[in-house]
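Note sheet for the following structure.
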Amino acid sequence: MVHRRLLHTAVLAPTGQWLVQHTANGPVHVLDDPADIVELAAAIQHAIRSARPETR
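Here's what the structure looks like:
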């Protein structure tokens, strides 16, 4: 997600948690488990799709 510029940064902590930041000056969010990562990906995908004008 960082590579595609959907997140500013994502760092794997030694505890297995992910620390993610949406913008450079934004708050750091802690993702505790794989379900949190899937939820984040779904939220980003929803935001991308809802931002696009409908072409059908």
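Take any residue in the sequence shown, count from 1 to its spot, add 472: that is its number in my numbering.
Even for Gly, the Cβ is constructed at its ideal location relative to N, Cα and C.
These numbers were taken from a predicted model, which means no experiment stands behind them.
Between residue i and residue j, is the Cβ-Cβ spacing less than 8 Å?
i, j, result
"Asp504", "Gln493", "no"
"Ile509", "Leu478", "no"
In angstroms, rounded to a whole number, what distance separates the CA positions of residue i and residue j?
i, j, result
"Ala485", "Leu491", "7 Å"
"Arg524", "His518", "10 Å"
"Gly498", "Pro506", "22 Å"
"Thr474", "Ser522", "According to the sequence displayed, residue 474 carries Val and not Thr. Near 20 Å, if we compare the C-alpha coordinates of Ser522 and Val474."
"Arg476", "Glu511", "17 Å"
Could you have a look at residue i and say whether DSSP puts it in helix, strand or coil?
i, result
"Leu512", "helix"
"Gln489", "coil"
"Ala496", "coil"
Quickly, what does DSSP pair residue i with across the bridge? List them, please.
i, result
"Leu503", "Trp490"
"Val474", "None, per the DSSP bridge assignment."
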